[in-house]
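Numbering that gives the first Met the number 0 applies: residue 0 is where the sequence shown begins, and numbers increase by one.
What follows is one structure encoded as structure tokens, with my remarks underneath.
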Amino acid sequence: MGKKISIQVFSNSLGDEEIKAIEPILKSRWIGMGKETELFEKEFGQTIGSKSVLAVNSCTSALFLSMHILGIGQGDEVIIPSINFIGTANAVLNVGAKPIFADVDPDTLNLLPSEIRRLRTKNTKAVLLLHYGGHPCDFDTISDAAKGLSLIEDSANSIVSQYKGRTCGTLGDLGCFSFDAMKILCVGDGGALVVNRPDLIDRAQEYRYLGIKNQKSGIDSFKAKNTKWWEIDLGRTSGRYISNDIASAIGRVQLKKLSGFIARRKEIWGRYQKELRQFDWIVRPPEPLTETTTSYYLFWIKLKAKVRDALAQHLVSKGIYCTFRYYPLHLIKQYNSTEKLKNSESLNDTVLNLPLHQNISDTDLDYIIETIKDFEQKIRQ
Ligand SMILES: Cc1ncc(COP(=O)(O)O)c(C=O)c1O
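Spelled out as structure tokens, the structure:
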């Protein structure tokens, strides 16, 4: 038994400002989706450069919604990088379509555009890509390879990452963002669906809330002189994926703090890059591609397989949590994939994510580096 974990790999920063912001919402007794959510959507939209943000209750919901909005269903195929969150494959399977797992670049862990050419068939309807760790994908090359297909961006790692001056999540047809407890901007549980195609906005709105057409509250309908304001007009049938004003009030405060979070993450990233240079057995992550910026969501190192596992054990025994995001989807037996993806399998044996979040202090960082030094001495003995 080692030390209790004292440094987490992910963390959020919620404080008195968020507590103050939810007080009037609670007291107003209107805690569902209302004015505060409209403001959050507008302000988040201004941050990422989009006029069509729909706040939802999780990024997983946004992924599930994106399948319905694009009309993906039985017999269709969706290409997904294998190093990815399970919600992506679940979303595809949920509509009866088939996830096709693709290999990733060994350095950036982002989808290889050549994989789209290799895997696309007449049944392929979409590519669901991830900007791994916050580093934007090679989007132009991907779009080129995916001509004629829909593009969905999982932007859970890349809240403000930029690709040639545009924010990730606003590049493809739909963008999916996460504000869960482990993300840079946290509202508890929450997310956003960004609709980049004007022709999809009405569908997206209907799918977000039970399939209801022209979503007005009963009170709005009454004010509009409708004598039977309780009547319902369904455009389609759907689940309930909306956010609420408590989460949105927290989100609005978090938005004000976001640039500070990113700045601190950048400092930590920079210190890792500098300090880890002394260890010739550690491969550090690349900087983002030219003309792109990152959100510094993950820091990843590559090591020989046995060394990776031993370092993970050593760090955890010293109270430093570490992990590997994301266990390759094609290796999850329930997905029944027969793909052999060389890079993803090798990365699965060799990559480790070190703690990277705004709550890491300089003392924590010193301790992490010292602990890696101890480990080096141990293996060199
Ligand atoms: C890459 C990625 N996509 C999507 C999600 C889902 O986010 P949420 O927890 O908001 O549903 C996560 C969550 O960890 C994630 O890491």
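Ideal Cβ positions, reconstructed from N, Cα and C, are used throughout, including at glycine.
Would residue i be called buried (16 or more neighbouring beta carbons within 10 Å of its own) or exposed?
i: Q204; result: buried
i: K19; result: exposed
i: I319; result: buried
i: G250; result: buried
i: Q357; result: buried
i: L62; result: buried
i: N11; result: buried
i: I281; result: buried
i: R307; result: buried
i: Q73; result: exposed
i: Q253; result: buried
i: G389; result: Since the first and last residues shown for the chain are 0 and 380, residue 389 lies out of range.
i: E290; result: exposed
i: L25; result: exposed
i: I382; result: Outside the displayed span of the chain (0 to 380) sits residue 382, for which this structure offers no information.
i: N243; result: buried
Taking C-alpha atoms, which residue in the options lies nearest to residue i?
i: S258; options: M181, F43 and V8; result: F43
i: A90; options: K215, E338, L148 and Y334; result: Y334
i: K215; options: G33, P105 and I158; result: G33
i: R264; options: L364, V306 and L233; result: L364
i: G255; options: D106, L184 and K224; result: Contrary to the premise, residue 255 reads as Lys rather than Gly in this sequence. The option with the nearest alpha carbon to K255 is L184.
i: P287; options: T337, K163 and K2; result: K163
i: P23; options: S247, I85 and L111; result: S247
i: G210; options: E16, E290, R283 and R235; result: R235
i: K301; options: F278, R28 and A88; result: F278
i: W177; options: L353, V52, T226 and K224; result: For the sequence presented, residue 177 should be read as Ser rather than Trp. Ranking the options by Cα distance to S177, first place goes to V52.
i: G269; options: K341, L340, T349 and D361; result: D361
Please check the pair residue i and residue j, which I expect to be a contact at CB under 8 Å, by giving their CB distance rounded to whole angstroms.
i: V126; j: A145; result: 5 Å
i: Y295; j: G133; result: 6 Å
i: G48; j: T123; result: So it is not a contact: roughly 29 Å between Cβ atoms.
i: D201; j: C175; result: With a Cβ gap of about 19 Å, D201 and C175 do not count as contacting.
i: P98; j: I115; result: 14 Å between Cβ atoms; not a contact.
i: D102; j: S336; result: That belief does not hold up - the Cβ atoms of D102 and S336 are roughly 12 Å apart, past 8 Å.
i: E76; j: T120; result: 6 Å
How about residue i and residue j: do their beta carbons lie closer than 8 Å?
i: S237; j: Y206; result: yes
i: F100; j: L346; result: no
i: N83; j: G190; result: no
i: I261; j: I359; result: no
i: L192; j: K212; result: no
i: F374; j: L351; result: no
i: L131; j: L108; result: The displayed chain sequence assigns Tyr, not Leu, to residue 131. In this structure, L108 lies closer than 8 Å to Y131 by Cβ.
i: L310; j: L355; result: no
i: S160; j: T292; result: yes
i: I6; j: I378; result: no
i: Y381; j: S65; result: The requested residue 381 does not occur in the structure, where the chain is confined to residues 0 to 380.
i: G1; j: K317; result: yes
i: N156; j: D172; result: no
i: L150; j: I68; result: no
i: C167; j: P197; result: no
i: L353; j: C321; result: yes
i: L110; j: L128; result: yes
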